[in-house]
Amino acid sequence: MFYQHLLLAALGGAIGAAGRFSTGALMLKLMGPGWPWGTYTVNIFGSLVMGLVIGWFAHKGGAAGNAQIFLTTGILGGFTTFSAFSLETARLVETKAYTQAALYAGSSVILGVLMVFAGLLIMRKVLA
Numbered sequence: 047m048f049y050q051h052l053l054l055a056a057l058g059g060a061i062g063a064a065g066r067f068s069t070g071a072l073m074l075k076l077m078g079p080g081w082p083w084g085t086y087t088v089n090i091f092g093s094l095v096m097g098l099v100i101g102w103f104a105h106k107g108g109a110a111g112n113a114q115i116f117l118t119t120g121i122l123g124g125f126t127t128f129s130a131f132s133l134e135t136a137r138l139v140e141t142k143a144y145t146q147a148a149l150y151a152g153s154s155v156i157l158g159v160l161m162v163f164a165g166l167l168i169m170r171k172v173l174a
């Protein structure tokens, strides 16, 4: 079962990544540079779709099956990791874990940006 789920996630991820790339190229063509419209679009749209998909599966009931893994971990995970982050934050809020939600969301964004800068700094030093 693990390998079946792994394959479904990988195949969905390829589809999602292709969608992300295509959306980025389209938004650059339509909107021009200056604002990361491609990333912004996939993050916001992907979060909406994640909510719709998870809401549908929650209504349907049962454990995460092949379709859910393919759609959420696979396609949406490849399309945007922001949708998973948004879902996890929403789950914390739904369980009234407001402090945890704020810490998770805030620290994820701040540390994520700081780690990008750290990685850039390290590589600039290594490759200098």
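In terms of the numbering used here, the sequence shown opens at residue 47 and continues consecutively.
For each residue, glycine too, the CB sits at the ideal point set by N, CA and C.
Note that this is a predicted model, so its numbers are computed, not measured.
Residue from A113, F128, V172 whose Cα sits closest to the Cα of V155: For V155, the nearest C-alpha among the options comes from F128.
Quick check on DSSP: helix, strand or coil for A71? Helix at A71.
Rounded to whole angstroms, what is the Cα-Cα separation between N112 and L173? Straight-line spacing of the CA atoms in N112 and L173 works out to 43 angstroms.
Same chain only: Cβ atoms within 7 angstroms of F131, ignoring 5 sequence neighbours per side: Excluding positions up to five away in sequence, the list reads S154.
Tell me whether A109 sits in a helix, a strand or coil according to DSSP, three-state version. Looking at A109 - three-state DSSP - the assignment turns out to be coil, as it is neither helix nor strand.
Cβ neighbours of A11 in the same chain (closer than 8 angstroms, five flanking residues each side left out): With the chain covering only 47 through 174, there is no way to say anything about residue 11.
Does the distance from the C-beta atom of G58 to that of I100 stay below 7 angstroms? Not closer than 7 angstroms, so no.
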